[in-house]
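Peer 1: So the sequence shown is numbered by my numbering: it starts at 930 and just counts up by one.
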Amino acid sequence: MNLVSALVAFSLAIPFAGCGPSGPKLYKVTGKVTIDGKPARSAMIIFNSADGADSAAADLSDEGEFEMMTGGARSGLVPGRYSVQIIRVEGGSVEEGEEEAPPSNVPAKYGEETSDLTADVKEEDNIINFPLVSS
930 MNLVSALVAF
940 SLAIPFAGCG
950 PSGPKLYKVT
960 GKVTIDGKPA
970 RSAMIIFNSA
980 DGADSAAADL
990 SDEGEFEMMT
1000 GGARSGLVPG
1010 RYSVQIIRVE
1020 GGSVEEGEEE
1030 APPSNVPAKY
1040 GEETSDLTAD
1050 VKEEDNIINF
1060 PLVSS
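1. Quick check: what's the CA-CA separation for A1002 versus G966?
2. Between S1063 and P1036, how many whole angstroms is the CB-CB distance? I'm expecting something under 8 Å.
3. Roughly how many angstroms lie between the CA atoms of F1059 and G1000, to the nearest whole one?
4. Indicate whether L1061 and I964 have their beta-carbon atoms separated by less than 9 Å.
5. Give the single residue among L955, S978 and S971 whose Cα lies nearest to the Cα of L1046.
6. Thinking C-beta only, is P968 closer than 9 Å to S990?
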């Protein structure tokens, strides 16, 4: 996880700082992000609840797949409607012997301020895919 990802994940954990096993019931949220049919790369996905009370983030795998994690490394989200942002993650640190991550193929329009993506988390395991286009 590079510095940007770590800072975003930490800031998203703050709303859940007091939530232990007795916190709100969370439901698994997984999915895949594609750009023009190809896996999104070098990016992270963020879900923010409509009321601003809940949020979660996940790095996308090389296949564009994700599993949402809340603070305290709890898997899932509280049911409800979320705004979704997919943020480019460029220039992260590379461990010795690892190849540098490829540049992100995620268009800026899906970023923090410009995204119009939404998702509805239901009281069940959720698979939410984002088939996006570059133009």
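Even glycine gets a Cβ: it sits at the ideal position worked out from N, Cα and C. Keep in mind the model is a prediction, meaning the values are calculated, not measured.
Peer 2: In brief:
1. Computed Cα separation, rounded: 30 Å.
2. So it is a contact: roughly 5 Å between Cβ atoms.
3. Approximately 23 Å, taken between the alpha carbons.
4. In this structure, L1061 sits near I964, with a CB-CB distance shorter than 9 Å.
5. Residue nearest to L1046 within the set L955, S978 and S971 is S978 (criterion: CA-CA distance).
6. Yes. Within cutoff.
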